[in-house]
Amino acid sequence: MKVFVAENYDELSETSASIIIEDMKAKSNITLGFATGSTPIGTYQNLIAAYNAKEISFKDVLSFNLDEYLGLPRTHEQSYYYFMHNELFNHIDIKEENVNIPNGDIEHIEENIKKYQEMLDSNPIDIQILGIGGNGHIAFNEPGTSFESTTHTVKLDEKTREDNKRFFNDISEVPKEAVTMGIKDIMSAKKLIVLANGESKAKAVKELLEGTKSENFPASILLDHEDVTLIVDKEAASLLKED
């Protein structure tokens, strides 16, 4: 695992975007895996800037997203479908038919999972962006999830719901379930970029780099990937041992 400690969030975002931009220039029909939450927003802003500067184009890009809340309509401001369009897709030339986001429609969830998994299996991801939860979750794969898991529904850990309540008016509004790409799917991506910023992620970053591999800390599997770059700011790296 390559580790880069950025001075601040801006440098973290610029660094992650530069990796993606370089690979997009080398392969126009690249398949990109996107993440949601506050951490990757800066990365997306840098990608939009590169698009506006005509450095890159997304017209031949295929995209996948890690997860989606169960039961939230796609028009809901906190759905990840809404988030991705608001923060990235509405500002670039990606084709809507090339956008793949898990569908959280409860009534048809098994059918939706099957279709999403088939698309994943047929279109290997070139670069997957990841965050890391305070409890070590990646995507919505909570502690205890099998390393062999594929796309599935999950009951969200209370720590995860607590972390995400800042996006809602109240904890009662935070969905209790989600649909997520599995750990096996994530590990199938050719390249992983893991982002972590802020003091709240320091313990998780320390456990990732200094702990042992265990399904109780899902992110620990990332150490087995042959091409993963962890980009953290100084606050997220504050508990790491100094060389």
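Take the sequence shown: its position 34, counted from the start at 1, is 34 in this note's numbering, and no numbers get skipped.
Yeah, the Cβ is synthetic: ideal placement off N, Cα and C, and Gly gets one too.
Asked                                                                                                                                                           : Found
Suppose contacts are defined by Cβ-Cβ distances below 8 Å. Is THR160 in contact with GLY133 by that definition?                                                 : yes
Would the region 111-122 and the region 199-208 be scored as touching if the rule is three or more Cβ pairs under 8 Å?                                          : no
Using the C-alpha atoms, what's the distance from THR180 back to ASP224?                                                                                        : 21 Å
For the beta strand (DSSP E) containing HIS152, name the first residue and the last one.                                                                        : 152-155
Do you know offhand how far GLY131's Cα is from ALA196's?                                                                                                       : 6 Å
Rounding to the nearest angstrom, what Cα-Cα distance links ALA26 and LYS234 in this structure?                                                                 : 31 Å
Compare the Cα-Cα distances from GLU97 to each of GLU215, ASN135 and PHE58 and report the closest residue.                                                      : PHE58
Compare the Cα-Cα distances from VAL99 to each of GLU107, ASN90, ASP105 and ILE106 and report the closest residue.                                              : ASN90
Determine the burial state of THR75: buried for a count of at least 16 other Cβ atoms within 10 Å of its Cβ, exposed for fewer.                                 : exposed
Say whether the region 42-59 touches the region 16-31, bearing in mind that this needs 3 or more beta-carbon pairs closer than 8 Å, one atom from each stretch. : yes
Does the separation of the CB atoms of ALA178 and LEU70 fall below 8 Å?                                                                                         : yes
So, under 8 Å CB-CB, PHE260 and LYS184 are touching, yes? Tell me the CB distance rounded to an integer number of Å.                                            : There is simply no residue 260 to check, as the chain begins at 1 and stops at 243 in what is shown.
Under three-state DSSP, which class holds LEU195?                                                                                                               : strand
Work out the CA separation of GLU55 and SER28 for me, nearest whole Å.                                                                                          : 11 Å
For ILE15, name the three-state secondary structure that DSSP assigns.                                                                                          : Here residue 15 is Thr; the residue named in the question, Ile, does not match the sequence. Note: THR15 maps to helix in three-state DSSP.
Straight-line CA distance for LYS165 to MET187?                                                                                                                 : 28 Å
Alpha carbon to alpha carbon, how far is GLU11 from GLY33?                                                                                                      : 21 Å
Between the C-alpha atoms of VAL5 and SER220, what's the straight-line distance to the nearest angstrom?                                                        : 19 Å
Just list the residues that DSSP pairs ILE127 with in beta bridges.                                                                                             : LEU32 and LYS191
DSSP three-state label for ALA178, please.                                                                                                                      : strand
If you draw a straight line from the C-alpha of ILE138 to the C-alpha of ILE106, how long is it?                                                                : 22 Å
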